[in-house]
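There are 2 protein chains.
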Amino acid sequence: MQLEEAKLKYIQTWGSLATSWGVNKTMAQVHALLLVSTKPLSAEDIMEALQISRGNVNMNVRALIDWGIVQKEFVVGERKEFFVADKDIWELFKQITKERKKREIEPVLRVLEELQQVDENSDEAAQFKQVLGDLSKVTTSVNNILDKAIKADEHWLLSNFTKVMKK
Amino acid sequence: MQLEEAKLKYIQTWGSLATSWGVNKTMAQVHALLLVSTKPLSAEDIMEALQISRGNVNMNVRALIDWGIVQKEFVVGERKEFFVADKDIWELFKQITKERKKREIEPVLRVLEELQQVDENSDEAAQFKQVLGDLSKVTTSVNNILDKAIKADEHWLLSNFTKVMKK
DNA sequence: TTAAACTTTCAATAATTATTGAAAATAAAA
DNA sequence: TTTTATTTTCAATAATTATTGAAAGTTTAA
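Residue numbers (this note's numbering), protein chains in the order written: chain A, 7 to 173; chain B, 7 to 173.
Okay, here's the thing in structure tokens:
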């Protein structure tokens, strides 16, 4: 397989994985493109490579910057902005984990807690609280694990876990 | 807060969490409804509770059954089908993990591996392979952890992990 | 200053995804 | 059988989400 072909296929694959996890396809593709690029890319470069509009590039690049996984970079002698993705995949993983945790898991935990405030004493209410409690317990545990992941270094995933898994 | 209000709010919350993780909102709501229901529900019950069409109920209930997190149940003297959700949240977590791993993570791992077959020797190709390799490494590790979770009992999440986290 | 280069915004539009509802299929009862 | 209850399917439609592109905004250089 040729390099260019492989790159394209990788960008496509990443885009469709993103879709099934609720991430905008183009955003994932822009990130994938920057990840396999050897040099910083301008908005124009991205427009051309992915055949998308200027507005679309702008929106998605900004979102990636907001997620903390893409940075602006200035190129000497060039007036326009260029963009690069951090090539450290472990950092990428941590950053995405951190953001999704903050944006999606934590707010749900807060709601689950709030809902425990049902002031009824029926069996049904008890059962409901039980379900909520179980849900909170599992969600909190997951949340804690992700916290640990965010703070840990790369070896945490590769070795520390392996130990636990072999038990 | 009253029980009914809390149940509704819970169903809504679960629906919106689902949306941001690429799961159909109605599917999550149907599941949430069954989870907090004290008795098996018929298609009609679900239609009424969530104000959705018969077809929609059918589609989503089947999807939930396909995911292994909802079961059919027969009620004596009733001709129609009823549905229940397993109330064991840990089982739910394991089942969802198992399915998403199988449907989404594993296929991507296969593509990443395939893409390593780039037959070029340039620096650029080397860098690309490096990125792919790193991506595979992290994805494989996550995949392994999820495997462990699927096989483990409830205490794995709650205690075994706590230990690791306190290190 | 002003003009040119570039970025951002956002209403209009397109693409995608979810939902309806009625007809067809299936299963149980008469 | 035939009738009736129930489930399934799927084309049409609605709702949601993503994308365009041109105008407005901003920055830099002359």
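The C-beta atom is built at its ideal place from N, Cα and C for all residues, glycine as well.
Quick check: residue i and residue j, are their CB atoms within less than 7 Å of each other?
i: A:S142; j: A:L118; result: yes
i: A:V67; j: A:E79; result: no
i: B:L70; j: B:V63; result: no
i: B:L163; j: A:S59; result: no
i: B:L9; j: A:A131; result: yes
i: A:T103; j: A:I17; result: no
i: A:F88; j: A:V82; result: no
i: B:L115; j: B:T145; result: yes
i: A:E105; j: A:W73; result: yes
i: A:G28; j: B:G28; result: yes
For residue i, count neighbouring Cβ atoms within 10 angstroms of its own Cβ and tell me buried if that reaches 16, exposed if not.
i: B:G21; result: buried
i: B:A24; result: buried
i: A:I95; result: buried
i: A:T19; result: buried
i: A:M33; result: buried
i: A:K172; result: Residue placement at A:K172 cannot be trusted, given a pLDDT of 43 that sits under 50; what the coordinates show is reported in the next sentence. Exposed is the call here.
i: A:I151; result: buried
i: B:A38; result: buried
i: A:M7; result: exposed
i: B:K45; result: exposed
i: B:V36; result: buried
i: B:K100; result: buried
i: A:H161; result: exposed
i: B:K169; result: A caution first: B:K169 carries a pLDDT of 47, below 50, which makes its placement in the model too unreliable to give a value.
Since residue i and residue j are thought to touch, with beta carbons under 8 Å apart, how far apart are those beta carbons, to the nearest angstrom?
i: A:K13; j: A:V42; result: 5 Å
i: A:L56; j: A:L47; result: Their Cβ separation, rounded to whole angstroms, is 10 Å, which puts A:L56 and A:L47 out of contact at 8 Å.
i: A:V124; j: A:K108; result: Not a contact, Cβ separation roughly 27 Å.
i: A:E110; j: B:S128; result: Their Cβ separation, rounded to whole angstroms, is 40 Å, which puts A:E110 and B:S128 out of contact at 8 Å.
i: B:K93; j: A:V137; result: 7 Å
Per DSSP, which one or two residues make a beta bridge with residue i?
i: B:E79; result: B:F88
i: A:S48; result: A:F88
Given the structure, does residue i come close to the ligand ZN, in the sense that its CB is under 6 Å from one of the ligand's heavy atoms?
i: A:M65; result: Absence of the ligand ZN is noted for the structure shown, with no ligands found whatsoever.
**Asked** If you measure beta-carbon to beta-carbon, which residues of the region 66-96 of chain A are closer than 7 Å to chain B?
**Response** K93, I95, W96
**Request:** Quick one: which residues of the region 144-167 of chain A get their C-beta closer than 7 Å to a C-beta of chain B? List them in chain order.
**Result:** V144, S147, N150, I151, K154, L163, L164, N166, F167
**Prompt:** Listed in chain order, which residues of the region 11-24 of chain A have Cβ atoms closer than 7 Å to some Cβ of chain B?
**Reply:** A12, K13, K15, Y16, T19, L23
**Prompt:** What residues in the region 36-70 of chain B have a beta carbon less than 8 Å from any beta carbon of chain A?
**Reply:** L41, V42, T44
**Prompt:** Mind listing which residues of the region 109-133 of chain B have their C-beta closer than 9 Å to chain A's C-betas, in chain order?
**Reply:** R109, E110, I111, P113, V114, V117, L118, E120, L121, Q122, Q123, V124, D125, E126, S128, D129, E130, A131, Q133
**Asked** Taking a cut of 7 Å between CB atoms, which residues from the region 96-107 of chain A lie near chain B?
**Response** With the criterion set as a beta carbon lying under 7 Å from some beta carbon of chain B, the members of the region 96-107 of chain A are W96, F99, in sequence order.
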